[in-house]
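Heads up, the thing below is written out as structure tokens.
There are 2 protein chains.
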Amino acid sequence: MTQSLLLRALAGETLDTPPLWMMRQAGRYLPEYRELRARAGSFVDLCLSPEMAAEVTLQPIRRYGFDAAILFSDILMVPYGLGRSLRFEEGRGPILEPIKDRSGIPVLDPDTFIARLAPICETVARVRSALGPETALIGFAGAPWTVASYMVEGGSSQDFAALKLWAYSDPDGFSVLMDTLVDATVLYLDQQIRAGSQVVKLFDSWAGAAPESLFEKWVVQPTAAIVRRLATLHPDIPIIGFARGAGVMTRGYGAATGVTALALDSGIPLAMACALQAERPVQGNLDPIALVAGGDALAAETDRILDALSGGPFVFNLGHGILPHTPLAHVEALVARVRG
Amino acid sequence: MTQSLLLRALAGETLDTPPLWMMRQAGRYLPEYRELRARAGSFVDLCLSPEMAAEVTLQPIRRYGFDAAILFSDILMVPYGLGRSLRFEEGRGPILEPIKDRSGIPVLDPDTFIARLAPICETVARVRSALGPETALIGFAGAPWTVASYMVEGGSSQDFAALKLWAYSDPDGFSVLMDTLVDATVLYLDQQIRAGSQVVKLFDSWAGAAPESLFEKWVVQPTAAIVRRLATLHPDIPIIGFARGAGVMTRGYGAATGVTALALDSGIPLAMACALQAERPVQGNLDPIALVAGGDALAAETDRILDALSGGPFVFNLGHGILPHTPLAHVEALVARVRG
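Protein sequence lines correspond, in order, to chains A and B. Each step along the first sequence adds one to the number in my numbering, with nothing skipped, and position 280 is 280. Each step along the second sequence adds one to the number in my numbering, with nothing skipped, and position 8 is 348.
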């Protein structure tokens, strides 16, 4: 079987043309997604429909031939699996019932959790069977710090005051929540891998909200625990870590967590990306707004990244998710430029 | 005249007890501020009332004896001075009429600009005459990138799409806006210094939204221009640069802009803060949420910073503004701990 470019890059190989995929590549910038979304029920229903979620996952592969498909789902399906209420409101994002203290922390019952998330693993299996060997399938989960932020704040937050206040004031209680999320995430990713995910990615979207002492304890340590346990279960499955906004702390994050590769946001300068690449493969980090801009700016930004990172193991991607108002022609131009 | 601890630290002196002040120290966590705010008109009216703004500036000095007073004002008074509409809505923040393209860029008429902002310089003069020599008075402005973000987006933003799209797509047009802001900022800070500000701070609150190429061009270069021109006019006035969220790029920012000192947000780990301190004084960087938490967490976080940075020129501060729901007793505890 031809091994996909993504798996080769994540195995440390330097390739003439880097594999290319884009965060949120299955999503609102695609007319075929918007058409399907209008027919689907709630966003959670869509995530839990193997037929529709598989279709959405495959749409960008059909249109652009990206080197990887990433499961269409949401990082908050872990709280859903733990029995928490979850809905998405247009313009507000996710809404959960906030957890106020230790008494509100859900208990992980593995059988119930697996049953609630079984449709997602069914999606994984369907997608894998629909893809050719050249296209890798990426599963994912939110990292505990980020998932906890939504569970504690009750949704999106500007300052993460409730989350951080709990972490500072009651580290013992907070560790119960984090341990639960570590256990649940390992179980969930194990199921995704058994269903056909060949790579998993841990999204720590709000890692940048954690100052140094919280970062070490609640970003690095839980991620390291997940990586260690997954490596025991599935030693050959690469794990991409994305500690968004971690800045200076990204290097320590890579070393201390043991992730296979580092996804880099657009705030990481390329000299640092190069230095990180000496230790493990890197993925990133085009500014999604440069993709909206297109033209000379897109070409220049793309070339800067290719010039800096093509000499080592590298996956071309954005630094954050593709924006809904991104012109399709700009995505085409990017694909053409990366593939030379 | 006794020189204030702040001026000594900014001149590079290592002190037994660091000077202490807090971003947004004049503000909503103080009952005396809330009482005055309820009597004032709009937020802009408050900024333009020398009597009230001076009173608000002095309130935290009376209560806590901080080593510096910072002018009570807003970074958007520069757009106001340029004739742009400005109002603040509860829960939404500032509202401006967004500038769409080059044709909407205001022209700086120095006399009109100075006249519109004259009440603020009157506030500076009143505050300076009310302070003892031990308390330094800090003036400030927003840095051009951050001020431009509000002028282009029309207010606060999540992703700075309009700002960055303009910067990528039409750098020539964008440079007209930025040059205007550089000129206006130099004029404004010159006036503040003539009125009695002994230190100025440039707040680049959204520096972290600029990827490397935009950062070099639109964060570093305009700031360097302001620093160069102010240094010619007022060679003895220290300039604190605050490139919030700049992470890895903070070191280059310090070297390339020539700011006297670096204000550090809570995302800068202390080993990096120490390295930066070898080149210039640093200020920071306690997480404002640790101050809300109080107790053991506050003591531990405060001590970590004191232990790491007391060996060089250092100003104790938060990494971001004090939060409105911060308990007064925690501020008292912090002051006592820093002053030993």
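Note that the Cβ used here is the ideal one computed from N, Cα and C, for glycine as well. Remember, it's a predicted structure, so these values are computed and weren't measured experimentally.
Do you know how far the Cα of residue j is from the Cα of residue i?
i: Arg-84(A); j: Glu-97(A); result: 7 angstroms
i: Glu-375(B); j: Val-220(A); result: 44 angstroms
i: Pro-621(B); j: Leu-649(B); result: 10 angstroms
i: Leu-71(A); j: Ile-138(A); result: 6 angstroms
i: Arg-24(A); j: Pro-324(A); result: 9 angstroms
i: Gly-587(B); j: Ala-243(A); result: 13 angstroms
i: Thr-326(A); j: Val-292(A); result: 5 angstroms
i: His-660(B); j: Ala-300(A); result: 34 angstroms
i: Ile-95(A); j: Ser-149(A); result: 12 angstroms
i: Ala-297(A); j: Leu-318(A); result: 15 angstroms
i: Val-516(B); j: Arg-442(B); result: 7 angstroms
i: Arg-403(B); j: Pro-628(B); result: 19 angstroms
i: Ile-105(A); j: Ile-99(A); result: 7 angstroms
i: Pro-238(A); j: Leu-165(A); result: 34 angstroms
i: Arg-163(A); j: Met-151(A); result: The question names Arg, yet the displayed sequence has Leu at residue 163(A). Between Leu-163(A) and Met-151(A), the C-alpha separation is close to 9 angstroms.
i: Leu-422(B); j: Cys-614(B); result: 39 angstroms
i: Ala-207(A); j: Ala-673(B); result: 29 angstroms
i: Thr-223(A); j: Asp-414(B); result: 40 angstroms
In chain B, which residues lie with their C-beta within 9 angstroms of the C-beta of residue i?
i: Leu-323(A); result: Asp-499, Ala-501
i: Arg-304(A); result: Glu-552, Ser-553
i: Gly-208(A); result: Gly-548, Gly-585, Gly-587, Gly-607
i: Gly-319(A); result: Pro-551
Whose C-beta lies closer than 8 angstroms to the C-beta of residue i among residues of the same chain, with five residues either side of it excluded?
i: Asp-576(B); result: none
i: Arg-92(A); result: Gly-155, Ser-156
i: Ala-130(A); result: Ala-54, Leu-58
i: Val-678(B); result: Thr-357, Pro-358, Leu-360, Thr-642, Leu-646, Phe-656
i: Gly-254(A); result: Gly-241, Leu-262, Leu-276, Glu-279, Arg-280
Identify whether residue i lies in helix, strand or coil by the three-state DSSP scheme.
i: Ile-662(B); result: coil
i: Val-418(B); result: helix
i: Glu-122(A); result: helix
i: Val-341(A); result: The displayed coordinates of chain A run from 1 to 340. Any statement about residue 341(A) would go beyond what the structure contains.
i: Leu-602(B); result: strand
i: Ile-239(A); result: strand
i: Glu-279(A); result: coil
i: Ala-408(B); result: strand
i: Glu-32(A); result: helix
i: Leu-15(A); result: coil
i: Glu-395(B); result: helix
i: Gly-444(B); result: helix
i: Leu-573(B); result: helix
i: Arg-685(B); result: With chain B running from 341 to 680 in the structure shown, residue 685(B) is simply not present.
i: Leu-328(A); result: helix
i: Pro-98(A); result: coil
i: Gly-624(B); result: strand
i: Leu-20(A); result: strand
i: Gly-691(B); result: For residue 691(B) there is no data in the structure shown, the boundaries of chain B being 341 and 680.
i: Phe-48(A); result: The question names Phe, but residue 48(A) is Leu in the sequence shown. The answer is coil: DSSP assigns Leu-48(A) none of H, G, I, E or B.
i: Pro-400(B); result: helix
For residue i, return the contacting residues in chain A, with the cut-off set at a CB-CB distance below 8 angstroms.
i: Leu-557(B); result: For clarity, residue 557(B) is Lys in the given sequence; the question names Leu instead. None at all; the shortest Cβ gap to chain A is about 12 angstroms.
Along chain A, in chain order, which residues have C-beta atoms closer than 7 angstroms to that of residue i?
i: Pro-609(B); result: Glu-212, Val-248, Met-249
i: Leu-347(B); result: Under the 7 angstroms cutoff, chain A gives no residues; its nearest Cβ is about 28 angstroms from Leu-347(B).
i: Gly-405(B); result: What Gly-405(B) touches in chain A: nothing, since even the nearest Cβ is about 26 angstroms away.
i: Leu-505(B); result: Ile-289, Val-292, Ala-293
Identify the contact partners of residue i in chain B, using a Cβ-Cβ distance below 7 angstroms as the criterion.
i: Ser-266(A); result: Pro-551
i: Ala-290(A); result: Tyr-508
i: Ala-297(A); result: Tyr-508, Ser-509
For residue i, I'd like the list of residues in its chain whose CB is within less than 6 angstroms of its CB, leaving aside the five on either flank, ordered along the chain.
i: Pro-19(A); result: Leu-5, Leu-6, Ala-9, Asp-67, Val-315
i: Leu-30(A); result: Gln-59
i: Ser-537(B); result: Val-464, Leu-477, Gly-479
i: Met-52(A); result: Ala-40, Leu-46
i: Leu-388(B); result: Pro-459
i: Ser-545(B); result: Thr-486, Arg-584
i: Arg-466(B); result: Pro-390, Ala-394
i: Ser-266(A); result: Asn-285, Asp-287, Gly-319
Who are the near neighbours of residue i in its chain, counting only those whose CB is closer than 7 angstroms to its CB and skipping five residues on each side?
i: Thr-185(A); result: Val-78, Ala-141, Pro-144, Ile-226
i: Ala-550(B); result: Trp-485, Trp-558, Val-559
i: Thr-475(B); result: Ser-344, Ile-401, Asp-407, Ala-408, Ala-409
i: Ile-662(B); result: Met-362, Met-363, Arg-364, Gln-365, Gly-367, Tyr-369, Pro-628, Leu-631
Mind listing the chain A neighbours of residue i? Cutoff is C-beta to C-beta under 9 angstroms, in chain order.
i: Glu-641(B); result: Tyr-168, Pro-211, Ser-213
i: Met-363(B); result: Going along chain A, no residue has its Cβ under 9 angstroms from Met-363(B), so there is no contact; the nearest lies around 14 angstroms.
Which residues in chain B have a C-beta closer than 8 angstroms to the C-beta of residue i? List them in chain order.
i: Met-178(A); result: The premise fails here: Met-178(A) is roughly 16 angstroms from chain B at the closest Cβ pair, so nothing lies under 8 angstroms.
Jot down the residue ranges of each uninterrupted beta strand (DSSP E) in the segment 467-493 of chain B, minimum 3 residues, whole runs only, in chain order.
Qualifying beta strand (DSSP E) stretches, in chain order: 476-482.
In the segment 145-222 of chain A, which residue ranges form an unbroken alpha helix (DSSP H) of at least 4 residues, counting only runs that do not cross its ends?
Taking only runs of at least 4 residues, the alpha helix (DSSP H) segments lying wholly in the segment 145-222 of chain A are 161-169, 171-195.
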